[in-house]
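Chains L and H, in that order, give the protein sequences.
Numbering-wise (my numbering), the first sequence opens with residue 8 and increments by one.
Numbering-wise (my numbering), the second sequence opens with residue 8 and increments by one.
Idealized CB from N, CA, C, for every residue including glycine.
Have a look at the structure below before the remarks.
There are 2 protein chains.
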Amino acid sequence: MINPPFTFKIEARQDRARAGKFYTPHGVLNTPVFAPVGTQASVKSLTPDQLTNINTSLVLANTYHLHLHPGDELIKELGGLHRFMYWSGPILTDSGGFQVFSLAKNRHIDNDGVTFRSHIDGSTQRLDPEKSISIQENLGADIIMAFDECSDPYDKEYVREAMVRTHAWAERCLQVKTRSDQALFGIVQGGIFEDFRQESAEHIADLEFPGNAIGGLSVGETKSEMHTILELVDRVLPENKPRYLMGVGTPEDLVNGISRGVDIFDCVLPTRLARHNTAMTRYGQRLNVVNAQYTRDAQPLDQQCDCYTCQNFSRAYIRHLIISKEMLAATLLSIHNLHTLINLAHDIRLSILAGNFDDFANRFFQIRSELELDQGGN
Amino acid sequence: MINPPFTFKIEARQDRARAGKFYTPHGVLNTPVFAPVGTQASVKSLTPDQLTNINTSLVLANTYHLHLHPGDELIKELGGLHRFMYWSGPILTDSGGFQVFSLAKNRHIDNDGVTFRSHIDGSTQRLDPEKSISIQENLGADIIMAFDECSDPYDKEYVREAMVRTHAWAERCLQVKTRSDQALFGIVQGGIFEDFRQESAEHIADLEFPGNAIGGLSVGETKSEMHTILELVDRVLPENKPRYLMGVGTPEDLVNGISRGVDIFDCVLPTRLARHNTAMTRYGQRLNVVNAQYTRDAQPLDQQCDCYTCQNFSRAYIRHLIISKEMLAATLLSIHNLHTLINLAHDIRLSILAGNFDDFANRFFQIRSELELDQGGN
Numbered sequence: 008m009i010n011p012p013f014t015f016k017i018e019a020r021q022d023r024a025r026a027g028k029f030y031t032p033h034g035v036l037n038t039p040v041f042a043p044v045g046t047q048a049s050v051k052s053l054t055p056d057q058l059t060n061i062n063t064s065l066v067l068a069n070t071y072h073l074h075l076h077p078g079d080e081l082i083k084e085l086g087g088l089h090r091f092m093y094w095s096g097p098i099l100t101d102s103g104g105f106q107v108f109s110l111a112k113n114r115h116i117d118n119d120g121v122t123f124r125s126h127i128d129g130s131t132q133r134l135d136p137e138k139s140i141s142i143q144e145n146l147g148a149d150i151i152m153a154f155d156e157c158s159d160p161y162d163k164e165y166v167r168e169a170m171v172r173t174h175a176w177a178e179r180c181l182q183v184k185t186r187s188d189q190a191l192f193g194i195v196q197g198g199i200f201e202d203f204r205q206e207s208a209e210h211i212a213d214l215e216f217p218g219n220a221i222g223g224l225s226v227g228e229t230k231s232e233m234h235t236i237l238e239l240v241d242r243v244l245p246e247n248k249p250r251y252l253m254g255v256g257t258p259e260d261l262v263n264g265i266s267r268g269v270d271i272f273d274c275v276l277p278t279r280l281a282r283h284n285t286a287m288t289r290y291g292q293r294l295n296v297v298n299a300q301y302t303r304d305a306q307p308l309d310q311q312c313d314c315y316t317c318q319n320f321s322r323a324y325i326r327h328l329i330i331s332k333e334m335l336a337a338t339l340l341s342i343h344n345l346h347t348l349i350n351l352a353h354d355i356r357l358s359i360l361a362g363n364f365d366d367f368a369n370r371f372f373q374i375r376s377e378l379e380l381d382q383g384g385n
Numbered sequence: 008m009i010n011p012p013f014t015f016k017i018e019a020r021q022d023r024a025r026a027g028k029f030y031t032p033h034g035v036l037n038t039p040v041f042a043p044v045g046t047q048a049s050v051k052s053l054t055p056d057q058l059t060n061i062n063t064s065l066v067l068a069n070t071y072h073l074h075l076h077p078g079d080e081l082i083k084e085l086g087g088l089h090r091f092m093y094w095s096g097p098i099l100t101d102s103g104g105f106q107v108f109s110l111a112k113n114r115h116i117d118n119d120g121v122t123f124r125s126h127i128d129g130s131t132q133r134l135d136p137e138k139s140i141s142i143q144e145n146l147g148a149d150i151i152m153a154f155d156e157c158s159d160p161y162d163k164e165y166v167r168e169a170m171v172r173t174h175a176w177a178e179r180c181l182q183v184k185t186r187s188d189q190a191l192f193g194i195v196q197g198g199i200f201e202d203f204r205q206e207s208a209e210h211i212a213d214l215e216f217p218g219n220a221i222g223g224l225s226v227g228e229t230k231s232e233m234h235t236i237l238e239l240v241d242r243v244l245p246e247n248k249p250r251y252l253m254g255v256g257t258p259e260d261l262v263n264g265i266s267r268g269v270d271i272f273d274c275v276l277p278t279r280l281a282r283h284n285t286a287m288t289r290y291g292q293r294l295n296v297v298n299a300q301y302t303r304d305a306q307p308l309d310q311q312c313d314c315y316t317c318q319n320f321s322r323a324y325i326r327h328l329i330i331s332k333e334m335l336a337a338t339l340l341s342i343h344n345l346h347t348l349i350n351l352a353h354d355i356r357l358s359i360l361a362g363n364f365d366d367f368a369n370r371f372f373q374i375r376s377e378l379e380l381d382q383g384g385n
C-alpha cells in the first residue's frame with residue numbers, strides 16, 4: 008500500500024457529497040460505503056464468500072457481544088477477529104456503548120463507566136473507556152470506536168450529561184489506545200439539540216481523530232431532525248476525515264446522508280428485514296414476501312437488481328421457502344437486501360465521481376414520489 | 008449429449024464395485040455418487056452455488072412435501088423443479104411412499120393406494136401409483152421413483168403384503184408414465200427376508216426399468232442384515248442398470264454399499280447432523296462441535312478435508328456460532344458434511360477406475376479400526 012494507513016483521499020466532491028478512499032491495513036474503503044453488521048462475528052446467514060460476491064468491503068462487529076461470548080481474549084488468542092471470522096477486508100468494531108444502553112439490564116452509569124448485567128447470563132459486567140479500547144485492541148479491527156453514551160434524543164438534561172461524559176470518555180480512549188494499526192474514531196452526540204451538536208462536533212473535531220462518527224441518530228427522532236443535525240455537524244467536522252453515520256439505514260437515508268457529507272453507513276436493517284421475510288428495493292419499497300399475492304409470482308424480488316437472488320429465484324420460490332421454514336429464505340433475502348444497499352452506495356459513489364450526483368438524487372426522489380413512498384415519513 | 012438419455016455405461020469394475028456414467032437430460036452422473044436431499048426443494052441452509060462448489064451432481068427432492076406445499080401444479084406452472092429451485096443438474100424425486108409411511112397421520116392403506124392426513128394441516132390426502140407419477144411428472148425430475156410401500160423390516164406378514172402391493176404398484180407406475188425425459192426406477196422391497204428380497208429383485212428386474220432401487224433398508228435392521236440383502240439383490244438386478252440404495256448413509260455405508268454393487272446413494276444425515284451441531288469425518292467419526300473441548304480449538308473440523316469450511320474456519324469459531332445461535336453454523340457444517348460424503352464417493356470412483364478399490368476399502372476399514380469406530384456397530 009502506497010498510502011499510509013488511515014489516509015483519507017477525497018477523489019471528487021459535489022456540493023456536500025464526497026467520493027473518497029480510506030486506506031486501512033486490510034484494504035481500501037471506497038466511499039461512500041455501506042457496511043453489513045456481523046454482530047457476533049457473523050453477518051447473519053451469510054458466508055464471507057457470499058459477502059464478497061455482493062461487493063462487501065467493510066464489515067461491522069459488536070464489542071459488547073463478542074466480549075460476552077466467546078470473549079475478546081479468546082479471539083485474540085486465535086489470531087484476532089479477521090482470522091476468527093475469516094474476513095480479510097476491513098472490519099469496524101463499535102465501542103459496546105450502544106448495546107449497553109439498549110440491551111443490558113440493571114444498568115448503572117457513573118462518570119467513570121457503566122456497570123450492567125449481561126443480557127445472556129445476568130452476570131455483572133463493567134465497561135468503561137479503558138476496557139472498551141482494551142477489548143477492541145484484542146479484537147483487532149481496522150476501525151475502532153470511542154466509548155460513548157447514547158441517550159434519549161429529546162431529554163435535554165440527560166442529553167447534556169451523556170454528551171459531557173462522551174467527550175471525557177473520548178479523551179480517555181485516545182490516551183489508552185496503543186495499537187498503531189487501528190484507527191480510533193470519535194463520536195459526536197447531542198441528541199436533537201443544535202447547540203449541543205455544535206458543541207459536541209467542535210469538541211470531537213478538536214481531538215483530531217482519524218475519522219469521526221455521528222452517533223445518537225436514527226434512535227427515534229424525525230427524518231427532518233436528523234437532516235438538520237447532519238447539516239450542522241457536516242459544517243463543523245473536518246473535511247479531510249471520513250464521517251460515519253452510525254446505525255443508518257435505508258436507501259433514502261443513504262442518499263440523504265451522502266448529500267449531507269456522510270461517507271460510511273452501517274445498519275442491521277437489511278439482514279433483520281431478511282429474517283422477517285421482507286425484501287428491500289433500491290427505492291425503499293418493502294415486499295413482505297410471505298404475502299399470498301406472491302404465491303405464483305415468477306418475478307424476482309426486484310426487477311432491476313442483478314444480485315444472485317434476483318438473477319436466479321422467483322418470489323414464488325422464496326415465499327415457498329419462508330412458509331416451509333427453510334433457512335435458505337433468510338440467506339437469499341439477506342443477499343438481496345445487502346446487495347441493494349451496498350450497490351446503491353457504490354452507484355452514488357460513481358455518480359459523484361462522474362459529477363452527476365444531483366441528477367442521481369433527483370431521479371431517486373422522483374421515483375420514490377411516483378411510488379408514493381415519501382408520504383407519511385416511512 | 009452423444010449418449011441417449013438414461014444410458015448407463017460401466018467404465019470399470021472391481022469385484023462387485025462399478026464406476027459408471029448415467030446420462031440424464033440435465034447432465035451425466037458419474038457413479039458411484041452421493042446425492043444431498045432437498046426435501047422441500049432446498050438442501051437445507053445451502054444455495055445451489057454452494058452445492059456446486061462441493062461438487063454436487065444429483066439432488067433429491069420429496070414428492071410428498073412438494074405436493075403438499077407449494078403444490079406440484081404450481082411448480083409445473085413456474086417451469087418445473089429445476090427452474091423453481093435453480094438446480095440445473097440432475098434431480099431425483101422419490102415417490103412419496105416413504106413419507107406417507109413415516110410422517111403422515113391416520114394412514115389407511117388399501118390395495119389401490121393410501122389415504123392419509125397431511126402432517127402440516129391435517130387435510131385428507133390420497134396417494135396411489137397414478138397420483139405419484141402425475142405429481143412427479145409435474146415436478147419434472149430426471150429420475151422418478153415407483154410408488155412403493157416400506158414396511159417394518161421384521162414383520163414377516165406385513166413385509167409380504169407390502170412387497171406384493173409394491174410389485175403391483177410398480178406395474179401401474181410403468182403403465183401411466185408419459186414423459187420420455189424422465190427415467191422411472193423400480194424399487195425392491197422385502198424387509199430382512201432373503202426369500203422375499205430374491206422374489207422382489209426378480210420381479211422388479213423383469214419389469215425392465217432403466218434403473219433399480221433398493222428400498223426398505225437402513226430402517227432398523229442391523230448392518231450385517233443390510234449387507235446380506237445387498238449381496239443377494241446385487242446378484243439378481245441387471246448389471247447394466249444403475250442401482251440406487253435409498254436413504255443411506257454414512258461413510259462406512261458408502262464403502263460397504265459400493266463394494267456390493269451400489270451406484271447411487273442419498274441421505275438426510277449430513278444436513279441433519281449439521282443442524283444438530285455435528286461434524287462427520289471421512290472415516291465416520293462424529294464431532295459434537297458444541298463440546299467445551301473445542302472452545303479454543305484452532306483446528307478445522309477435519310484436518311484432511313479441503314472443503315470451504317475446513318480451509319477457512321476453526322472448530323472454536325463454529326462452536327461460537329452454534330452457541331450464539333448463528334445460522335452460519337448449520338451452513339458451514341452442512342458444507343463440510345456433504346462434501347465429506349460426495350468427495351468420498353468420488354474418491355471411491357477414482358479408485359475403481361484405477362483398479363485399487365480393494366486397497367482403498369482395506370485402508371478405510373483399517374483406519375476405522377484404529378479409531379475404534381467399528382466397535383458396537385455405530
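*Please compile the residues from chain H whose C-beta is within a distance smaller than 7 Å of the C-beta of residue 109/L.*
Stepping through the first sequence from its first residue, residue 109/L is reached at position 102. Simply none; closest approach about 18 Å.
*Around the Cβ of residue 86/L, are there at least 16 other Cβ atoms within 10 angstroms (buried) or fewer (exposed)?*
Numbered from its first residue, the first sequence carries residue 86/L at position 79. By the neighbour-count rule (16 or more Cβ atoms within 10 Å), residue 86/L is not buried but exposed.
_For a cutoff of 9 Å on Cβ pairs, would you count residue 375/H as touching chain L?_
The sequence position of residue 375/H within the second sequence is 368, counting from 1. Taking Cβ atoms only, chain L never reaches closer than 9 Å to residue 375/H, which makes this a no.
_Boundaries (first-last residue) of the alpha helix (DSSP H) holding residue 255/H_ = One-based indexing of the second sequence puts residue 255/H at position 248. Residue 255/H: not part of any alpha helix (DSSP H); DSSP gives it neither H nor E.
*Taking C-beta pairs closer than 9 Å, name the residues in chain H that residue 149/L reaches, listed in chain order.*
Numbered from 1 along the first sequence, position 142 holds the residue referred to as residue 149/L. None at all; the shortest Cβ gap to chain H is about 19 Å.
*Compare the C-beta of residue 178/L with all C-beta atoms of chain H and state if any pair is closer than 9 Å.*
Locating residue 178/L in the first sequence gives position 171, counting from the first residue. It does not; no Cβ of chain H falls within 9 Å.
*Should residue 26/L go down as buried or exposed, given a rule of 16 or more other Cβ atoms within 10 Å for buried?*
Residue numbering aside, residue 26/L sits at position 19 when the first sequence is read from its first letter. Counting Cβ neighbours within 10 Å, residue 26/L comes out buried, since at least 16 surround it.
*Short check: CB of residue 156/L to CB of residue 121/L, under 9 Å?*
As a working mapping, residue 156/L is identified with position 149 in the first sequence. As a working mapping, residue 121/L is identified with position 114 in the first sequence. Yes, the pair counts as a contact, with Cβ atoms nearer than the cut-off.
*If you draw a straight line from the C-alpha of residue 62/H to the C-alpha of residue 13/H, how long is it?*
Translated into the one-based positions of the second sequence, residue 62/H becomes position 55. Translated into the one-based positions of the second sequence, residue 13/H becomes position 6. For residue 62/H and residue 13/H, the distance between alpha carbons rounds to 21 Å.
*What separation, rounded to the nearest whole angstrom, lies between the Cα atoms of residue 384/H and residue 229/H?*
Within the second sequence, numbered from 1, the residue matching residue 384/H stands at position 377. Within the second sequence, numbered from 1, the residue matching residue 229/H stands at position 222. With a pLDDT of 43 at residue 384/H, under the threshold of 50, the modelled position of this residue cannot be trusted; read the value that follows with caution. Their Cα atoms are separated by approximately 8 Å.
*Out of curiosity, what's the CA-to-CA distance linking residue 251/H and residue 162/H?*
Counting from one through the second sequence, the residue named residue 251/H turns up at place 244. Counting from one through the second sequence, the residue named residue 162/H turns up at place 155. Across the structure, residue 251/H and residue 162/H are spaced so that their CA atoms are roughly 24 Å apart.
*Classify residue 40/H as helix, strand or coil using the three-state DSSP reduction.*
In the second sequence, residue 40/H corresponds to position 33, counting from 1. Here residue 40/H sits in strand by DSSP.
*Just the Cα atoms here: how many angstroms apart are residue 125/L and residue 176/L?*
Here residue 125/L is taken as the residue at index 118 of the first sequence, counted from 1. Here residue 176/L is taken as the residue at index 169 of the first sequence, counted from 1. The alpha-carbon atoms of residue 125/L and residue 176/L are separated by roughly 22 Å.
*So which residues of chain L does residue 79/H contact, with C-beta pairs closer than 8 Å?*
Taking the second sequence and counting its residues from 1, one reaches residue 79/H at position 72. Residues of chain L passing the Cβ test: none, with the nearest at roughly 12 Å.
*Taking DSSP as the reference, what is the three-state secondary structure of residue 83/H?*
One-based indexing of the second sequence puts residue 83/H at position 76. Reduced to three states, the DSSP call for residue 83/H is helix.
*Could you spell out the range, first to last residue, of the beta strand (DSSP E) harbouring residue 191/L?*
In the first sequence, counting from the first residue as 1, residue 191/L sits at position 184. Its beta strand (DSSP E) spans residues 190-195.
*Cβ-based contacts, 7 Å cut-off: residues of the region 320-351 of chain H near chain L*: 320, 321, 323, 324, 327, 328, 330, 331, 333, 334, 335, 337 and 338
*Which whole-angstrom value is the C-beta distance of residue 284/H and residue 329/H, which I expect to be below 8 Å?*
By 1-based counting over the second sequence, the position of residue 284/H is 277. By 1-based counting over the second sequence, the position of residue 329/H is 322. Residue 284/H to residue 329/H, Cβ: 5 Å. Contact.
*Are three or more beta carbon pairs between the region 315-324 of chain L and the region 31-43 of chain L nearer than 8 Å?*
no
*Between the Cα of residue 100/H and those of 302/H, 308/H, 67/H and 333/H, spot the shortest distance and give me the residue it belongs to.*
Here residue 100/H is taken as the residue at index 93 of the second sequence, counted from 1. Nearest C-alpha to residue 100/H among 302/H, 308/H, 67/H and 333/H: 67/H.
*Cβ of residue 315/H less than 9 Å from any chain L Cβ?*
As a working mapping, residue 315/H is identified with position 308 in the second sequence. Output row for residue 315/H: interface = yes.
_For a test of the three-state rule: what should DSSP assign to residue 377/L, helix, strand or coil?_
Walking along the first sequence from the start, residue 377/L turns up at place 370. Note: residue 377/L maps to helix in three-state DSSP.
*Among all the DSSP beta bridges, which residues are the ones paired with residue 26/H?*
The residue given as residue 26/H occupies position 19 in the second sequence. 19/H.
*Comparing the C-beta of residue 83/L with each C-beta of chain H, is any distance below 9 Å?*
Within the first sequence, numbered from 1, the residue matching residue 83/L stands at position 76. No, residue 83/L does not count as interfacial toward chain H.
*asked:* In the DSSP output, what is residue 202/H paired with across the bridge?
replied: For the purposes of this step, residue 202/H is identified with residue 195 of the second sequence, where counting begins at 1. Answer by DSSP bridge pairing: none, since residue 202/H is not bridged.
*For residue 211/L and residue 226/L, believed in contact at Cβ under 8 Å, the rounded distance*: Here residue 226/L refers to the residue found at position 219 when the first sequence is read from its first residue. Here residue 211/L refers to the residue found at position 204 when the first sequence is read from its first residue. Actually they do not touch by this definition, with Cβ atoms about 18 Å apart.
*asked:* Please tell me whether residue 303/L has its Cβ less than 9 Å away from any Cβ of chain H.
replied: In the first sequence, residue 303/L corresponds to position 296, counting from 1. At a cut-off of 9 Å between beta carbons, residue 303/L contacts chain H.
_CA-to-CA distance, residue 70/H to residue 301/L, given in whole angstroms_ = Against the first sequence, residue 301/L aligns to sequence position 294. Against the second sequence, residue 70/H aligns to sequence position 63. Annotation: residue 301/L to residue 70/H spans about 22 Å, alpha carbon to alpha carbon.
*Do three or more CB pairs link the region 15-35 of chain L to the region 248-267 of chain L at distances below 8 Å?*
yes
_Chain-ordered chain L contacts of residue 389/H [CB-CB under 8 Å]_ = The requested residue 389/H is not part of the displayed model; chain H covers only 8 to 385.
*Measure from the C-beta of residue 53/L to each C-beta in chain H and report whether the shortest distance is under 9 Å.*
Taking the first sequence and counting its residues from 1, one reaches residue 53/L at position 46. Yes, its Cβ sits closer than 9 Å to a Cβ of chain H.
*Enumerated in chain order, which unbroken segments of the alpha helix (DSSP H) with a length of 4 residues or greater are wholly contained in the region 65-122 of chain L?*
Segments of the alpha helix (DSSP H) lying fully in the region 65-122 of chain L: 70-75, 79-84, 88-92 and 104-109.
*chain L beta carbons: is any one of them nearer than 9 Å to that of residue 130/H?*
Residue mapping note: residue 130/H aligns to position 123 of the second sequence, counting from 1. No, its Cβ sits nowhere closer than 9 Å to a Cβ of chain L.
_Nearest neighbour of residue 148/L, chosen from 65/L, 128/L, 201/L and 208/L [CA to CA]_ = Translated into positions along the first sequence, residue 148/L becomes position 141. For the residues 65/L, 128/L, 201/L and 208/L, the minimum Cα distance to residue 148/L belongs to 65/L.
_Interface residues of chain H facing residue 71/L [CB-CB closer than 8 Å]_ = By 1-based counting over the first sequence, the position of residue 71/L is 64. Correct list: empty, because the minimum Cβ distance to chain H is about 13 Å.
*Buried versus exposed, by CB contacts within 10 Å (16 or more), residue 378/L*: Translated into the one-based positions of the first sequence, residue 378/L becomes position 371. Per the 10 Å Cβ criterion, exposed.
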